[in-house]
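*Asks:* So that we are looking at the same thing, I have put the structure below in structure tokens.
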Amino acid sequence: AKQPPAPTATLDKIDDYMELLYGSMKEKISGTANIVELARDASNLEILSSNNSLMSALARVLKADYKHNIGLSTNIMYVWFSFSNFTQLHGVLTTRRIGSDTIKVIDLEIRRERLRQRELQTKTRIANIQARGGEVPEKLWEELAGRTSKGKDGVIDAGSKEDHPRIDIERERKMTKHLIRKQDKLLFVCFHILLNLAEDVTIEKKMVKKSISGYLT
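Here's what the structure looks like:
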């Protein structure tokens, strides 16, 4: 049988991984990916959880960057998820308000998904008009521009009337499916963190007050 690949992250390099959390986005993603690998081994959790500098750094990076990179958020959430599987480690999360931060991440991703679907609908209408050789009403370009961050993250910039791009709707749909897969992975782990923390009825009641039922729906 094919043997699984040997782990590449080691506890004796934890200081190096922590150092990456203060670097560029690429370095933060690399650092958290190594920490995730360590956290997947339950025998490492006690050592990781007792490292207050590491726990504080992860919480800080999540608060600062959860809006900026879904891969980074997913990595950090997987670390918290590993802790949440053990009731005796829940204190590591609750003292840093990880439950509250998790709900913020969920709220952001749900709002992004709604925006993305509306944007795709507008792009589909534009693409259909373009395919027929018709002239796209300016209001549709304005609608699209109002729903995107101009020039950022590969999103189309509406620009001037002469600069309006031709929409490749199949490409847009593939991009949307790719983003949804990444988002589903993040939401899956977020909701499981909350489910595990909800073992404490007091915390569960706080989640209810923060509309967890609505997010689940």
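Per the working numbering, the sequence shown starts with residue 21, numbered consecutively.
All C-beta atoms in this analysis are idealised placements derived from N, C-alpha and C, irrespective of residue type, glycine included.
What does the alpha-carbon distance come out to for the pair ILE49 and GLN108?
*Replies:* Each residue's alpha carbon lies about 28 Å from the other.
*Asks:* ASP32: buried (16+ other C-beta within 10 angstroms of its C-beta) or exposed?
*Replies:* It counts as exposed.
*Asks:* Let's test the definition: count the other Cβ atoms within 10 Å of the Cβ of TYR42 and tell me whether it reaches 16, buried, or not, exposed.
*Replies:* It counts as exposed.
*Asks:* Quick check on DSSP: helix, strand or coil for SER233?
*Replies:* Note: SER233 maps to helix in three-state DSSP.
*Asks:* So, is GLU155 buried or exposed, given that buried needs 16 or more other C-beta atoms within 10 angstroms?
*Replies:* Per the 10 Å Cβ criterion, exposed.
*Asks:* CB of GLY154 to nearest heavy atom of the ligand GDP: below 7 Å?
*Replies:* The ligand GDP is absent from the structure shown, which contains no ligand whatsoever.
*Asks:* Could you work out which residue in ALA77, SER69 and SER70 is closest to GLY51 when comparing CA atoms only?
*Replies:* Considering only alpha carbons, the answer is ALA77.
*Asks:* From VAL228 to ASP220, what distance separates their C-alpha atoms?
*Replies:* Taking the straight line from one Cα to the other gives about 13 Å.
*Asks:* Can you tell me which of the three DSSP states PHE208 falls into?
*Replies:* Note: PHE208 maps to helix in three-state DSSP.
*Asks:* Three-state secondary structure (DSSP) at ILE187?
*Replies:* Here ILE187 sits in coil by DSSP.
*Asks:* Going by DSSP in three states, ASP36 sits in which element: helix, strand or coil?
*Replies:* ASP36: helix per DSSP, three-state reduction.
*Asks:* Taking 8 Å as the threshold (C-beta atoms), are TYR98 and VAL209 in contact?
*Replies:* Result yes, Cβ atoms of VAL209 and TYR98 sit closer than 8 Å.
*Asks:* DSSP three-state label for TYR98, please.
*Replies:* Helix.
*Asks:* What is the C-beta distance between GLU47 and LEU40, in whole angstroms, given that I count them as a contact (C-beta under 8 Å)?
*Replies:* Indeed, because the Cβ distance is near 4 Å, the residues count as touching under 8 Å.
*Asks:* Within 10 angstroms of its Cβ, does GLY119 collect 16 or more other Cβ (buried), or is it exposed?
*Replies:* Per the 10 Å Cβ criterion, buried.
*Asks:* Going along the chain, which residues of its own chain have a beta-carbon closer than 7 Å to the beta-carbon of LEU68, five neighbours each way excluded?
*Replies:* Once the five neighbours on either side are set aside, the close Cβ partners of LEU68 are LEU58, ALA59 and LEU74.
*Asks:* Does DSSP classify SER93 as helix, strand or coil?
*Replies:* It is helical.
*Asks:* Taking the alpha carbon of ARG116 as the reference point, which residue from SER63, ALA29 and LYS83 has its own alpha carbon closest?
*Replies:* When each option's Cα is compared against that of ARG116, the closest is LYS83.
*Asks:* Is PHE106 helix, strand or coil by DSSP?
*Replies:* Three-state DSSP puts PHE106 in coil, outside helix and strand.
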